[in-house]
């Protein structure tokens, strides 16, 4: 019985779907199973299960398989890269090899001649095989293998001579390698790519959910580090001949219909140039405030503040805590045809429909302060300033709030109660801060427990922080680790929020330059909940873990 007959008999495809796949098979010269996958009629995993049963071959879950190093050495890396085959285990003269193509008989015969062993194919999805190849043989290993095997050209020699760098950076293999590095970051949801040259190797690390994770790379990649960096410079319109001073640039590209901007920073280091690329995925910016992790009570208060006609509202926190994303979500919640919204940003990270966005340009003297003063003549209702970092910008923001504008901005302080005093320290008069600041919100990002491997357990009270209140018998969540979360137990992030609304008591304390702990006490009657307290709420709900909250908040 053929595969088509089995699929029809089991009701996995209809005759019409089969005819459509057969038409595609004839038109593009595909096998029937590949045509069904390309049309989306069946998933690869479904077809592999049918083939495993039909051909009497094992179907393995590579995520549950531990492959010994000596097994990996059973096949030359060139064969692994070229044939997309992975050795899994060996016993009694037989090598079990994972493949996504059960009909690649020629490759199996080639492996028998290469290894001198009997070959037993086992079936596994193509994506799982690719992950094994990347994790065990290194990112871009097949491309590097092609480069190493080339007969001539700058890329083949791995030269780092200045006059050869332009030619090497434009080699097809180098272009492909850089594309692989960036695409891996996109597929793994990384926010940053770090490329760091050392004396005898090059390190590539991805920041995923706020944590740096090193990616395995083949040792020969070090030979091409200069060509890789030169390719990145070309993409970012930077000077490839200049290697003594820092350079900043930007790359725009599309991945599967998604527009991604990459901010590139290059600095000279001891053994070459270090590169950090910040990925800004435009499809992942327009979150609602609830999607960011804000509970209904905090959202109701926050929405009331950003609906006010005038005043200053500040979002505070360290770099990378999601302040700008929160401001974008706030603008998205209030933007409409009846409001004119203008932003001044350094740089403009995402485009918002209905919002007039102005980039800061220090080279021509376009600063936050100058931009803010200029846009007030454009009759805005709401103004967003990327960051208040000096007295000039703070004074301009205060004046804008006093003249009937709602001003949203960010500030670098550890908590919400420190925001008014930070403005005073910049030089703004306390009575102006008290009369214009309507509220401030501190925030942090904590990693979410992976939903695919989440398990519930009853914790030992002795292992929990002393300020974490927990009823007896209450269970907490943690991730056991799976491919979905790269075996970290976490996937994605959520926000912790500390929202302080300026009331009469707080205004008096600001004028008196009172310390932040007094402002916290005055904010309690209005519902102030500290970051750590919000973290414990989310921990009890199973969204995150005590370790994450402790890591991101102070006691």
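Numbering (the numbering used here), first residue to last: 22 to 576.
For every residue, glycine included, the Cβ atom is placed at its ideal position computed from N, Cα and C.
From the options, residue whose alpha carbon lies closest to that of residue i
i           : options               : result
residue 239 : 160, 569 and 204      : 160
residue 69  : 567, 413, 147 and 472 : 147
residue 260 : 281, 288, 283 and 234 : 288
residue 573 : 562, 563 and 551      : 551
residue 477 : 397, 564 and 532      : 564
residue 296 : 275, 308, 276 and 267 : 267
residue 540 : 520, 26 and 556       : 520
residue 484 : 341, 390, 437 and 567 : 567
residue 154 : 101, 113 and 192      : 101
residue 93  : 150, 527, 283 and 27  : 150
residue 269 : 471, 281 and 294      : 294
residue 491 : 220, 249, 558 and 360 : 558
residue 157 : 215, 125 and 96       : 96
residue 302 : 281, 80 and 44        : 281
residue 195 : 210, 164 and 211      : 164
residue 582 : 278, 272 and 247      : There is simply no residue 582 to check, as the chain begins at 22 and stops at 576 in what is shown.
residue 487 : 525, 84, 575 and 408  : 575
residue 80  : 142, 316 and 57       : 142
residue 377 : 136, 383, 385 and 353 : 353
residue 300 : 124, 211 and 24       : 211
residue 319 : 518, 25 and 433       : 518
residue 548 : 494, 504 and 460      : 460
residue 414 : 423, 390 and 433      : 390
residue 494 : 503, 504 and 481      : 481
residue 510 : 99, 136, 232 and 257  : 232
residue 249 : 226, 197, 220 and 290 : 197
residue 527 : 471, 458 and 554      : 458
Three-state secondary structure (DSSP) of residue i
i           : result
residue 501 : coil
residue 184 : Confidence at residue 184 is low in this model, with a pLDDT of 41, below 50, so its placement is unreliable and the value that follows should be read with caution. Note: residue 184 maps to helix in three-state DSSP.
residue 179 : Interpretation of residue 179 is limited by its pLDDT of 47, a score under 50 that renders its predicted location unreliable; the figure taken from the coordinates is listed afterwards. Coil.
residue 475 : strand
residue 227 : strand
residue 288 : strand
residue 315 : coil
residue 353 : helix
residue 417 : helix
residue 394 : helix
residue 344 : helix
residue 295 : strand
residue 361 : coil
residue 469 : strand
residue 459 : strand
residue 172 : The pLDDT assigned to residue 172 is 43, lower than 50, so where the model puts this residue is not dependable; a value taken from the coordinates is nonetheless given after this. Looking at residue 172 - three-state DSSP - the assignment turns out to be coil, as it is neither helix nor strand.
residue 217 : strand
residue 366 : strand
residue 237 : coil
residue 91  : helix
residue 35  : coil
residue 85  : helix
residue 202 : helix
residue 18  : Here the chain covers residues 22 to 576 and nothing more, so residue 18 does not appear.
residue 400 : coil
residue 381 : coil
residue 430 : strand
residue 454 : helix
residue 325 : helix
Integer Cβ distance of residue i from residue j, believed to fall under 8 Å
i           : j           : result
residue 467 : residue 570 : 6 Å
residue 530 : residue 543 : 6 Å
residue 370 : residue 381 : In fact, because the Cβ distance is near 12 Å, the residues do not count as touching under 8 Å.
residue 285 : residue 252 : With 8 Å as the limit, residue 285 and residue 252 do not qualify as a contact, their Cβ atoms being about 11 Å apart.
residue 41  : residue 60  : 6 Å
residue 560 : residue 463 : No, residue 560 and residue 463 are not in contact; Cβ-Cβ is about 18 Å, not under 8 Å.
residue 243 : residue 222 : 5 Å
Residue i Cβ short of 8 Å to the ligand NAP heavy atom set
i           : result
residue 282 : Within the structure as shown, the ligand NAP is missing, as the structure has no ligands at all.
Three or more C-beta pairs under 8 Å: does that hold for the stretch 413-429 against the stretch 324-337? The stretch 413-429, when compared against the stretch 324-337, does touch it at the 8 Å Cβ threshold.
Report yes or no: do three or more beta-carbon pairs, one from the stretch 403-413 and one from the stretch 506-520, lie closer than 8 Å? Contact annotation: the stretch 403-413 does not touch the stretch 506-520, with fewer than three C-beta pairs closer than 8 Å.
Would you mind listing the alpha helix (DSSP H) stretches within the stretch 486-571 that are 4+ residues and don't spill past its ends, in chain order? You should have 525-532, 537-544 and 552-561.
Across the stretch 486-499 and the stretch 436-443, are there enough close Cβ pairs to call them in contact, namely three or more that are closer than 8 Å? No, the stretch 486-499 does not touch the stretch 436-443.
Contact between the stretch 451-467 and the stretch 536-549: three or more CB pairs below 8 Å? The stretch 536-549 and the stretch 451-467 do not touch, with fewer than three beta-carbon pairs separated by less than 8 Å.
Does the stretch 124-135 touch the stretch 60-67, meaning 3 or more C-beta pairs lie closer than 8 Å? Result no; under three Cβ-Cβ pairs closer than 8 Å.
Is it the case that the stretch 91-107 contacts the stretch 120-130, given that we only count it when at least three CB pairs across the two stretches are under 8 Å? Taking one beta carbon from each stretch, the stretch 120-130 and the stretch 91-107 have 3 or more pairs nearer than 8 Å; the two touch.
Please go through the stretch 99-144 and give each complete beta strand (DSSP E) segment of 3 or more residues, from N-terminal end onward. Here the runs fully enclosed are 107-112, 115-120 and 139-144.
Segment contact flag, the stretch 44-51 with the stretch 67-87, C-beta cutoff 8 Å, min 3 pairs: Judged by Cβ distances under 8 Å, the stretch 44-51 makes no contact with the stretch 67-87, as fewer than three pairs qualify.
Per the contact definition of three or more C-beta pairs closer than 8 Å, is the stretch 229-236 in contact with the stretch 192-212? Enough Cβ pairs lie closer than 8 Å, so yes.
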